[in-house]
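Using UniProt numbering, count along the sequence shown one by one with no gaps and you end on 750.
Every residue gets a Cβ at the ideal spot worked out from N, C-alpha and C, and that includes glycine.
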Amino acid sequence: MSSGGPSSQQPLHDPSLLPDYDTEFITAQDLHQFEKALTAPEVEPLVAINDWRPIRQRVRRPFRSRTTQASTVTRRTKDETREGFLYTLLKYPFLVTVFAWIAILSVVYVFTRLYIYLYEHFVTWTGRRETLRRALHSTQNYEDWKRAARTLDTYLGNEKWKEKDEYAYYDYLTVRKVVDQLRQLRTQIEKEDQAEGSSSSSQAVEDLRSLLDACVKNNFVGVENPRLYSEAYSGTKHLVQEYLDEVHLCLQWLLNTRDLTKEVKYRHFRHLDTNFGRTALCLSGGATFAYYHFGVVKALLDNGVLPEIITGTSGGALVAALVATRTNQELKQLLIPALAYRIRACHENFPAWTKRWWRTGARFDTLDWARQCSWFTRGSMTFREAFERTGRILNVSCVPSDPHSPTILANYLTSPDCVIWSAVIASAAVPGILNPVVLMKKNKDGSLSPYSFGHKWKDGSLRTDIPVKALNLHFNVNFTIVSQVNPHINLFFFSSRGSVGRPVTHRKGRGWRGGFLGSAVEQYIKLDLNKWLRVLRHLELLPRPLGQDWSQIWLQQSFSGTITIWPKSVPSDFWNILSDPSPDRLARMLHVGQQSAFPKISFIQNRMAKIENLIMQGLLQNSPSSGHNRIKNRDDLSPLLSRRFDDTTTTPAAGDDNKGTELDESTRLLSLPNNNNDNNTPADASYLSIPADQQNQHHRRGSVMDEMRRQSAVFFDDSDVYGEESDESVPVATDADTGTANGVSHFGDE
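Structure (structure tokens):
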């Protein structure tokens with residue numbers, strides 16, 4: 001851990017402010033069971049002891065006669081894809097030629113980006129514009145940032161752009177028509193409700209429901225196109241905002257009206273939920289760059305738009321685990337610079353870790369990482385226990401050491417009893433940094449044992465940094481907020497037409513960064529680099545150091561999402577990429593993370609606060625509690641479960657036997673008995689209808705287990721699992737240019 005004590009002038013640097021700062025959640029018995037699983041011999045080894053040692057040592061065969069050698073000439077090699085006379089002859093010349101061309105392209109790319117940088121900072125950011133920009137970046141909270149952004153928009157003339165309905169990236173005529181119809185129907189219904197002793201016209205109510213069914217959909221006629229938020233620093237077209245506000249008012253009326261039965265309301269909100277989808281926060285890997293995620297999470301949390309579905313990979317998994325195992329109130333106390341005193345993964349000096357690297361092939365000690373990580377996961381908490389405590393759905397990507405097995409996305413459905421800290425360190429097991437680890441599961445008696453036959457797992461960033469497809473499959477996620485900090489991806493991020501909340505700097509946001517020629521050259525070089533890397537992979541020409549196909553670090557399908565947040569790193573981050581942050585450095589990363597998230601909050605609020613949260617509230621308040629319509633999938637209500645721990649909630653301390661909580665009436669939930677810990681455990685409304693003597697049995701055999709059995713066979717998010725990836729399946733257009741909901745580019749363009 002970095003040195004430096006708390007300062008009286010910097011109260012947020014005091015570690016005593018952190019909840020459970022001195023608590024060691026993990027037990028010695030759990031660590032012993034983990035150590036035993038790591039060293040347990042396998043009957044038929046599937047993976048090496050570490051990344052540098054082969055599974056079986058090569059043994060020199062005794063001398064054989066020429067006749068015996070001749071008889072074995074036609075025997076197949078172990079790697080049937082890498083054989084043949086021409087392959088052997090041309091492999092290295094072709095490899096050298098392609099790498100030389102890639103090096104030339106990389107140099108040209110660096111000079112292209114340097115030209116664009118100099119053009120933007122010495123030509124466009126001058127005078128009054130530069131003054132307003134500095135004021136924007138110096139803000140400490142979203143409200144101040146929003147005021148500064150509106151001032152900058154007014155100066156640049158972006159407010160006039162908002163007033164015009166016409167725009168090429170959405171169907172403004174349909175939006176205008178829908179707004180008029182929604183307002184007319186809502187006004188008619190409200191007038192009828194105000195009449196003495198009368199109720200709303202059934203025909204008007206049905207028309208309103210039908211209209212909402214038609215328009216409350218993911219990216220309806222382009223209203224969620226990121227381009228609509230990319231030509232101004234704050235907000236979007238007035239017509240789009242008017243549409244979202246009107247939908248919000250209509251959903252509120254539908255939620256509160258007494259003209260419809262609870263059963264009709266539930267079916268309607270269930271249909272809207274299926275069509276509209278859900279939002280997820282995805283935290284990328286990136287070693288210590290991942291601490292920028294803390295600032296992103298803080299910005300979303302402070303503004304009430306932190307999604308309940310959260311996924312993390314490698315370093316992002318550590319941040320996601322902290323978020324998913326803490327309530328909102330606890331997170332607000334934890335996300336301060338003093339958190340640096342609990343980040344101790346790199347506390348060893350140079351001689352200690354060099355000796356370990358020479359002895360084991362890894363810089364860090366696995367047991368020490370398990371001990372350090374357990375504080376962030378509140379001990380040996382499982383994915384199901386985290387979901388029951390906070391209502392957040394944690395997902396962690398893990399890659400098997402066996403190169404032929406699919407990647408898993410561990411969560412409370414696919415691996416409910418898996419211990420979170422084991423999945424987090426497995427997702428961070430970069431070859432040469434940490435050896436492959438064994439996932440652990442919690443048994444009924446609280447003891448730990450190996451999970452998935454004791455197989456070992458590696459860093460999830462190697463193959464699935466952002467598991468977009470798996471999230472959509474498991475949780476109907478079609479709107480992703482990606483916080484991307486991978487250093488090898490950040491270098492290639494370039495949004496030629498601007499991104500959400502960050503318009504192009506010149507021509508009042510209506511042009512191309514660096515001019516059309518500069519953007520065209522940048523895009524061409526990036527696509528050409530991608531092409532040659534893909535050629536090398538498909539021709540099986542790339543070497544495989546440590547037995548790993550490293551090409552997927554560059555050629556994954558998903559590095560970005562609907563909204564992509566790119567915290568700006570500084571050169572010192574590369575020097576400290578494997579060092580613990582000091583409180584001052586973490587304070588800077590928190591500020592930069594928040595600043596990078598502020599431009600996106602308006603877009604997120606329009607989706608989550610205006611529509612998605614109301615749909616979830618409608619499901620919660622109108623869920624059937626008895627009969628055949630009882631909720632079968634407990635995840636139906638998961639996005640609202642964490643709201644029981646808002647600021648009005650009384651959260652018992654660790655080990656407190658008092659399980660009662662004071663909840664807001666609109667989101668009140670009961671607590672299920674929790675045999676694993678003493679914290680609050682939420683339940684869906686169907687729990688009310690079960691007799692007290694059967695509630696424990698329902699908790700074991702309820703809707704969670706039904707959903708787990710239905711989906712437990714789905715573990716992968718790889719397109720290469722059953723065969724070679726098809727080029728047609730990989731999009732190349734950026735979502736900023738196409739406006740697609742989940743458009744991605746190979747190098748992480750928005």
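8 Å Cβ shell around residue i - same chain, five flanking residues per side excluded
i           : result
residue 318 : 290, 312, 373, 376, 424, 428
residue 98  : 532, 535, 536, 541
residue 586 : 291, 294, 337, 339, 340, 343
residue 133 : 125, 152
Run of the beta strand (DSSP E) containing residue i, from where it starts to where it stops
i           : result
residue 394 : 393-400
residue 209 : It is not in any beta strand (DSSP E) - residue 209 instead sits in the alpha helix (DSSP H) that spans 202-215.
residue 370 : It is not in any beta strand (DSSP E) - residue 370 instead sits in the alpha helix (DSSP H) that spans 366-376.
residue 442 : 440-442
residue 422 : Where residue 422 is concerned, there is no enclosing beta strand (DSSP E), although the alpha helix (DSSP H) it sits in stretches over 420-427.
residue 413 : Unbroken run through residue 413: none, as it is neither H nor E.
residue 448 : 448-450
Sequence-distant residues of the same chain with beta carbon closer than 6 Å to residue i, five excluded per side
i           : result
residue 496 : 512, 513, 519
residue 244 : 606, 610
residue 395 : 311, 409, 411
residue 159 : 153
residue 162 : 237, 238
residue 33  : 448
residue 21  : 15
Per-residue DSSP class, three states only, for residue i
i           : result
residue 479 : strand
residue 15  : helix
residue 542 : coil
residue 283 : strand
residue 698 : Note that residue 698 scores 40 on pLDDT, short of 50, meaning its location in the model is unreliable and no value can be drawn from it.
residue 325 : coil
residue 464 : coil
residue 312 : strand
residue 98  : helix
residue 126 : coil
residue 501 : coil
residue 496 : coil
residue 739 : Note that residue 739 has pLDDT 42, beneath the 50 cutoff, so the model's placement of it is unreliable and the number below is only indicative. Correct three-state label for residue 739: coil.
residue 296 : helix
residue 512 : coil
residue 344 : coil
residue 20  : coil
residue 437 : strand
residue 363 : coil
Cutoff 7 Å; reference residue i; Cβ partners in own chain excluding five residues on either side
i           : result
residue 221 : 170, 171, 174, 175
residue 17  : 333, 336, 338
residue 603 : 229, 500, 563
Run of the alpha helix (DSSP H) containing residue i, from where it starts to where it stops
i           : result
residue 409 : No alpha helix (DSSP H) contains residue 409, which is instead part of the beta strand (DSSP E) from 408-410.
residue 307 : It is not in any alpha helix (DSSP H) - residue 307 carries neither H nor E in the DSSP assignment.
residue 32  : 28-39
residue 390 : 383-390
residue 484 : Note, residue 484: premise wrong, no alpha helix (DSSP H); not H, not E.
residue 352 : 350-360
residue 618 : 613-622
Residue-chain proximity (residue i, chain B), Cβ-Cβ < 8 Å
i           : result
residue 434 : Absent from the structure is chain B; it holds one protein chain and no more.
Beta strand (DSSP E) segments (min. 3 residues) lying fully within the stretch 557-582
Counting only runs of 3 or more residues that sit fully inside the stretch 557-582, the beta strand (DSSP E) segments are 563-565, in chain order.
What are the uninterrupted segments assigned as beta strand (DSSP E) that are 3 or more residues long and contained completely in the stretch 211-263, given in chain order?
Counting whole runs of 3 or more residues, the stretch 211-263 contains no beta strand (DSSP E) stretch at all.
Segments of 4+ residues assigned as alpha helix (DSSP H) that fall wholly inside the stretch 150-199
Listed in chain order, they are 158-163, 172-194.
Quick check: the stretch 158-167 against the stretch 231-240, are there 3 or more CB pairs under 8 Å?
Touching, yes, given that three or more Cβ pairs across the two stretches are closer than 8 Å.
With a cut-off of 8 Å, do at least 3 Cβ pairs link the stretch 139-149 to the stretch 183-192?
Touching, no, given that fewer than three Cβ pairs across the two stretches are closer than 8 Å.
Does the contact criterion of 3 or more C-beta pairs under 8 Å hold for the stretch 262-280 versus the stretch 582-601?
Output reads no: the stretch 582-601 does not touch the stretch 262-280.
When the Cβ atoms of the stretch 378-396 are set against those of the stretch 344-363, are three or more pairs found closer than 8 Å?
Too few Cβ pairs lie closer than 8 Å, so no.
Can we say the stretch 470-488 touches the stretch 561-580, given the rule of at least three CB pairs closer than 8 Å?
When Cβ pairs closer than 8 Å are counted between the two stretches, the stretch 470-488 is seen to touch the stretch 561-580, the count reaching three or more.
Are there three or more Cβ pairs, one per stretch, closer than 8 Å when the stretch 469-477 is compared with the stretch 277-285?
Between the stretch 469-477 and the stretch 277-285, the count of C-beta pairs closer than 8 Å reaches three or more; the two stretches touch.
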